[in-house]
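*Asks:* My questions all concern the structure below.
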Amino acid sequence: MRPLFHPAIEDLKPEAILYALSDPERVAIFAQIAGVGSSGTCTALANLGGRVIPKSSLSQHMKVLREAGLIRGERHGVEMRNHSRCQEVDARFPGLIAAILSAYGRPPEVVNAG
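Letter by letter, the sequence shown follows residues 401 to 514 of the working numbering.
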């Protein structure tokens, strides 16, 4: 298997974060991961607001979030665990994630949970 790409915190770009969080489904997925405070598995994240996200779409959403530097993915056997990088991102771009999540009606407290 190929290793997963995780950008270094100093390589994060605000335009990548804005792009990643421009999709309402990705915002919901990210808010759920950030709110959990530990790991969100792809299986647990497949049900979004009573709607099931196809595995291929979920995989693409995770890739966009991961490559933007918003989450860190770790393989555990056949399972992928995703962790929020909110604290790191907020240290680099103070208030950016909270402002975006607030615009979508998500509580900004999730920034402090990751």
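Ideal placement from N, C-alpha and C gives every residue a C-beta, glycine not left out.
1) By how many angstroms is the C-alpha of A420 removed from the C-alpha of V464?
2) Taking Cβ positions, are R485 and I471 nearer each other than 8 Å?
3) Check for me: the beta strand (DSSP E) holding H342 runs from which residue to which?
4) Secondary structure at R492, three-state DSSP: helix, strand or coil?
5) Confirm the yes/no value for this check: CB of P454, any heavy atom of the ligand ZN, distance under 7 Å.
6) L418 to S456, Cα distance in whole Å?
7) What does the alpha-carbon distance come out to for the pair R451 and A428?
*Replies:* Here's the rundown:
1) Looking up residue 464 in the sequence shown gives position 64. Looking up residue 420 in the sequence shown gives position 20. In a straight line, the C-alpha of V464 is about 6 Å away from that of A420.
2) In the sequence shown, counting from the first residue as 1, residue 485 sits at position 85. In the sequence shown, counting from the first residue as 1, residue 471 sits at position 71. Their beta carbons are under 8 Å apart, which means R485 touches I471 by this criterion.
3) Residue 342 is absent from the model: the chain starts at 401 and stops at 514.
4) Looking up residue 492 in the sequence shown gives position 92. It is helical.
5) As far as ligands go, the structure on display features none, and thus does not contain the ligand ZN.
6) Here residue 418 corresponds to residue number 18 of the sequence shown, with the count starting at 1. Here residue 456 corresponds to residue number 56 of the sequence shown, with the count starting at 1. Answer to the nearest angstrom: the Cα atoms are 22 Å apart.
7) Taking the first residue of the sequence shown as position 1, residue 451 is located at position 51. Taking the first residue of the sequence shown as position 1, residue 428 is located at position 28. Their backbone Cα atoms lie some 12 Å apart in a straight line.
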